[in-house]
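In our numbering, the protein residues as written are -18 to 368.
Positions of the beta carbon are idealized from the N, C-alpha and C atoms, including for glycine.
Bear in mind the structure is a predicted one, so any value in this text is a computation, not a measurement.
In what follows, a structure is listed as structure tokens, so that the remarks can point back to it.
Given below as structure tokens:
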């Protein structure tokens, strides 16, 4: 009898299909576009990054990062506070690969993935392993163009002013013309300097300065913006590896999507309402009783362009749009502003409190995470009682 009933029901279903009807079956709720993270969406995440051997690289969880029994990897990133991290999906985050990993996730979702070296801290690049001589000869008097001077020292050349030519060596600006700057190295024969990366000695030979270094193996060594580690020396040369300490290693990511905001929701408020007049900007801040962000920049400054075109438009910073008055001034052209703030390079970011007092100076380029921390700190201090 049960068999007959099954045949009867099967027949009904078949007839319904033939007649053009669809038999509806319960389906799981499908996530909508507004629930799924897409590239460009600001999100908050908690995550932990380890190597395959379990050693810790980074974590937003205090109980993980502060565990005394937890082995730490070379290149481990320590932090003072622990909270969900704000990133933009699909873009570079504090740890490479994290920004890309959240694309397609939903709020509350957790996942564990292994990110290959090429998408993490990179594969080992042999071209980043450099060799340098332990001895270097410099003319005691040297010249450069004004553009080179500004590019190297970040300040305008002023006759009689000293600049830091090297960590252990200063130079005096002897003469400045329209196109050239002449410098004299300030050095004594037989001086020795103990530095983080080794010992440096100087010797004067007529009009030349001979600098000899005894490198410290394993020490950090920086050339310009590149940071590396001294890996060896044969007495005549020393080798520096500029690869990231975790280059060539896959990383294991445990991540949870805490919250998300669609990029379209913040796009309308992303444009910063700049005031490009110093006095008007500070007057507006005083009148509105708001703290202020002032950027002092120069047209030729590459780091200024990155600050204004990358850092400031970042959703992390755009979120503060209405909490501050935003001022930018070309202090390279307005020399009185440059002098007033005792500026010695570009860019310079100055944060003012509600009373118009300087609360913080940030010399040089600041990424979105760094600037966000400072804006948070200032708004926390400036929050009115009962507000």
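### Query
Is DSSP giving residue 307 helix, strand or coil here?
If DSSP states are grouped into helix, strand and coil, residue 307 belongs with the strands.
### Every unbroken alpha helix (DSSP H) inside the region 233 to 272 [4 residues or more]
Counting only runs of at least 4 residues, the region 233 to 272 fully encloses the following alpha helix (DSSP H) elements, listed from N- to C-terminal order: 244 to 248 and 259 to 269.
### Query
In the DSSP assignment, what are the bridge partners of residue 134?
Residue 134 pairs with nothing; no bridge assigned.
### Query
Can at least three beta-carbon pairs, one atom from the region 170 to 177 and one from the region 84 to 94, be found at a separation below 8 angstroms?
Verdict: no, contact absent.
### Residues bridged to residue 113 (per DSSP)
219, per the DSSP bridge assignment.
### DSSP-derived helix/strand/coil call for residue 73
Coil, per DSSP.
### Message
For residue 193, report the span of its alpha helix (DSSP H) as first-last.
### Response
No alpha helix (DSSP H) contains residue 193, which is instead part of the beta strand (DSSP E) from 189 to 196.
### Query
Grouping DSSP H, G and I as helix and E and B as strand, with all else coil, what is residue 151?
Strand.
### Task
Mind the definition here: the region 51 to 62 touches the region 250 to 267 only if three or more C-beta pairs lie below 8 angstroms; say whether that holds.
No: the two stretches stay apart, fewer than three of their Cβ pairs being nearer than 8 angstroms.
### Message
Mapping the DSSP letters down to three states, classify residue 179 as helix, strand or coil.
### Response
Strand at residue 179.
### Query
For chain D, is any of its Cβ atoms less than 9 angstroms away from the one on residue 229?
Absent from the structure: chain D. Only one protein chain is present.
### Task
Label residue 89 either buried or exposed according to how many other C-beta atoms from any shown protein chain fall within 10 Å of its C-beta, with 16 as the threshold for buried.
Here residue 89 is exposed: its Cβ has fewer than 16 other Cβ atoms, across all protein chains shown, within 10 Å.
### Pair within 9 angstroms by beta-carbon distance, residue 190 and residue 111
It is not a contact, given that the beta carbons lie outside the stated cut-off.
### Query
For residue 186, does the three-state DSSP call read helix, strand or coil?
Looking at residue 186 - three-state DSSP - the assignment turns out to be strand.
### Message
Here's a check: name, in chain order, each residue in its chain whose Cβ is nearer than 6 angstroms to the Cβ of residue 322, leaving out the five neighbours to either side.
### Response
Correct list: empty, nothing qualifies.
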